[in-house]
């Protein structure tokens, strides 16, 4: 487990989790003990000495002031991620739960950093991967993520959509729901309204759905998102495939950011994360909610059991 940016709410929420951990689990925290202690003081919680193991990534000097972005915090966040990466590559660890980083801060010290998702895909040596958001009962996976909205249509291809559908099916298998159907959203309003509002549904998405169905996936669409998500909430779909970032994020975060989990699908190890940012505006106030981190930790433990049962994970 990492706490992300040391000036954000990460140290506080990690301390809250360690003060009241899910039964039968004991995280290994990567980072600096002094920063975690400062987070515990902010949260006004006592962390038992045996609540976690520690992989020390030192921060020299006093903990940084909460809520103030700095290059030094970015450097520390990168150092923590690189320590995690070494242990994942070596097989010493089978997965990681990440706290929030500020991408702009990290990019000042590591310009090629796009986000945790892309970082861990590189660590795992994979090019086939996806971002799955989980806020039960909804799960959404994205064909495109961190790109401008104007660039989305050009990035959509039938092959890319089929790949995302297959990643959704892989995630459902790991969640022990391999027979659940997958709903696929359209791109345009009303899923194009028969071509009245765009033809990507007819030229890109429908062919991908036909190909995925021919491969044996239980898939339906293209669907208007405002119809797909209510149906998923009723249990019709185990996951929804979204064409772009906000198409999935808005629907799931409406259910509650304090229990959302971000899962990177397609890795040779487990990676889950909080589904929120560093929250510099409230860092240091002692009011940060650790619910998303708790949900991410519990889901990581569930996925670990599934990986081990299927024989696809080392440690």
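In the numbering used here, the protein residues as written are 10 to 324. All residues carry an ideal CB built from backbone N, CA and C; glycine is no exception.
- When beta bridges are read from the DSSP output, residue 141 appears opposite 150, 272.
- If you draw a straight line from the Cα of residue 237 to the Cα of residue 192, it comes to about 7 Å.
- Taking C-beta atoms under 8 Å as the contact rule, residue 115 and residue 122 qualify, at a distance of about 5 Å.
- Going by C-alpha positions, residue 154 is about 6 Å away from residue 253.
- A residue is called buried when at least 16 other Cβ atoms come within 10 angstroms of its Cβ; residue 283 meets this threshold and is buried.
- If you keep only unbroken alpha helix (DSSP H) runs of at least 4 residues inside the stretch 226 to 278, you get 234 to 242, 254 to 264.
- Collapsing the DSSP output to three states places residue 66 in coil.
- By the Cβ neighbour-count rule, residue 23 is buried, with 16 or more other Cβ atoms within 10 Å of its own.
- Separation of the CB atoms of residue 168 and residue 249 is rounded to 20 Å, and the pair is thereby denied contact status at 8 Å.
- The Cβ-Cβ distance between residue 26 and residue 278 does not fall below 8 Å.
- Distances from the CA of residue 246 to each of 255, 256, 229, 259 were compared; the closest alpha carbon is that of 229.
- By DSSP's assignment, residue 194 forms a beta bridge with 232.
- Relative to residue 43, the option among 65, 189, 36, 285 whose CA is nearest is 65.
- Secondary structure of residue 307 (DSSP, three-state): helix.
- Annotation: residue 207 is outside any alpha helix (DSSP H) and is labelled neither H nor E by DSSP.
- When the Cα atoms are used, residue 19 and residue 163 turn out to be separated by approximately 36 Å.
- Under DSSP, residue 126 shares a beta bridge with no residue.
- Taking residue 309 as reference, the option from 34, 16, 194, 12 with the minimal CA-CA separation is 34.
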